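Peer 1: Residue numbers (this note's numbering): 820 to 1201. Heads up, the beta-carbon is just placed ideally off N, CA and C, and yes, glycines get one too. Remember, it's a predicted structure, so these values are computed and weren't measured experimentally.
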Ligand code: SF4
């Protein structure tokens, strides 16, 4: 079986070169060609001697995600449906989104990537949850999403790239592969993205947050909060029963942050459910003593039958937070016309959306009367 190179660290590639009787620095050259220069075929690695290129062609492979389809939004973002066909793993499809800055002085693009195919966490507002967990992605499949988007958009790249791990999957439930990929992304000899430009978003897996806090090099941390009480959060994020707000926020309080660092809290505003001024007051209280910023994400109407908060309630919520000294920003989902919620394309591709939509509606009807919010994923908003 050919050796898969995508996802291998510099040390692993140096060891591979040495095992072939080559100087170890040849491994560093492969690493640079693959991640920094984005050369995905061995013939193009002209920094290597011809004999080594031939050996690589015979004994190694680079399995890039294959672009199945591109969806272009009127706001400039491009959503990719990607097929992952790594040898020895079940073929799956995931999504990545390329979002160029649209301001006049645009300087950056943001790439949202997936860390699992599907997800087991079952957030009630998320379409990926409907897929269930298919499988974890490998480090190569995670880093490959960034490389494929950068390469596809090569002509349009702005100077700075941000990466957000907010697509399909819970990154902290695929910890080792995610961190291997993140190290390659953050390595200045690798993809070369600054740590402050990579953000990992979690539903609140406390042991993973604690483990991340012990990493020497790590991405920025974002928490998908979405509620101001345990009762509310239990209703939309079952993970809260395992790691309730007090436990989650303690982990955030103890998370080691540098002087100019903060934790981002994402708050999807569901009209009539979690968007009242009392919610804002409770959120401010919950975040006391945590260097934080809150991203307010008004719910968008879509396939799922939920309510968008009014403009007034969004503004009032933000004002309460600001008055209480919590930085808050209103974020709008990018690519709404191309189905920007995570999991949507995969669902449509698998032609299950109609049936699943019916199932969701039936579940909604059955559960009506219980504290019940709208449901839909918006976790690729910025
Ligand atoms: S919001 Fe994220 S963690 Fe929750 S089910 Fe969806 S993909 Fe999983």
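Cβ atoms of residue 934 and residue 918: under 7 Å apart, would you say?
Peer 2: With respect to residue 934, residue 918 sits apart: the two C-beta atoms are not nearer than 7 Å.
Peer 1: Quick one: Cα of residue 827 to Cα of residue 1083, how far?
Peer 2: 30 Å
Peer 1: Decide if the stretch 978–988 is in contact with the stretch 887–901; the criterion is three or more beta carbon pairs, one per stretch, under 8 Å apart.
Peer 2: no
Peer 1: First and last residue of the beta strand (DSSP E) that includes residue 846?
Peer 2: Looking at the DSSP string, residue 846 is not in any beta strand (DSSP E); the run it does join, the alpha helix (DSSP H), is 844–850.
Peer 1: Can you check the stretch 1073–1147 for any alpha helix (DSSP H) of at least 4 residues that lies completely inside it and give the ranges in chain order?
Peer 2: 1096–1105, 1130–1142
Peer 1: Can you list the beta strand (DSSP E) stretches of 3 or more residues lying completely in the stretch 960–1034, in chain order?
Peer 2: Qualifying beta strand (DSSP E) stretches, in chain order: 979–984, 1017–1021.
Peer 1: Given this structure, state the Cα-to-Cα distance separating residue 954 from residue 839, to the nearest angstrom.
Peer 2: Whole-angstrom Cα-Cα distance: 33 Å.
Peer 1: Taking all protein chains shown into account, decide if residue 1072 is buried (16 or more other Cβ within 10 angstroms of its Cβ) or exposed.
Peer 2: exposed
Peer 1: Go through its chain and collect everything with a Cβ distance to residue 1170's Cβ below 7 Å, but skip five positions before and after it.
Peer 2: Reliability fails at residue 1170, whose pLDDT of 43 lies under 50, so the model's placement of it is uncertain and the value that follows must be treated cautiously. Cβ within range, chain order: n/a, list empty.
Peer 1: Report yes if the C-beta of residue 1054 is less than 6 Å from at least one heavy atom of the ligand SF4; otherwise report no.
Peer 2: no
Peer 1: State the DSSP-derived secondary structure class of residue 853, mapped to helix, strand or coil.
Peer 2: helix
Peer 1: Near residue 833, what residues of its chain come up, given a Cβ to Cβ distance below 7 Å and the 5 sequence neighbours on each side ignored?
Peer 2: So the list reads 843, 846, 847, once near-sequence residues are dropped.
Peer 1: Just to confirm the assignment, what range does the beta strand (DSSP E) spanning residue 1041 have?
Peer 2: 1039–1043
Peer 1: Roughly how many angstroms lie between the CA atoms of residue 1135 and residue 1016, to the nearest whole one?
Peer 2: 30 Å
Peer 1: Quick one: what's got a C-beta closer than 6 Å to residue 1174's C-beta in the same chain, skipping five residues either side?
Peer 2: For residue 1174, the predicted structure reports a pLDDT of 46, less than 50, and the residue's modelled location is therefore unreliable. The matter cannot be settled from this model.
Peer 1: Count the other CB atoms within 10 Å of the CB of residue 907; is the residue buried (16 or more) or exposed (fewer)?
Peer 2: exposed
Peer 1: Which residue wins for smallest C-alpha separation from residue 970, given the options 855, 1131, 1035?
Peer 2: 855
Peer 1: In whole angstroms, give me the CA-to-CA distance for residue 932 and residue 1051.
Peer 2: 28 Å
Peer 1: Select from 874, 867, 1140 the residue whose C-alpha is nearest the C-alpha of residue 849.
Peer 2: 867
Peer 1: In terms of residue numbering, what span does the beta strand (DSSP E) encompassing residue 953 cover?
Peer 2: That run of the beta strand (DSSP E) goes 952–955.
Peer 1: Can you confirm whether the stretch 994–1014 touches the stretch 1053–1063 when touching is taken to mean that 3 or more C-beta pairs between the two stretches lie within less than 8 Å?
Peer 2: no
Peer 1: Which of helix, strand or coil does DSSP assign to residue 1152?
Peer 2: DSSP places residue 1152 in coil when its eight states are reduced to three.
Peer 1: When we look at the beta-carbon of residue 964 and count the other beta-carbons within 10 Å, is it buried (16 or more) or exposed?
Peer 2: buried
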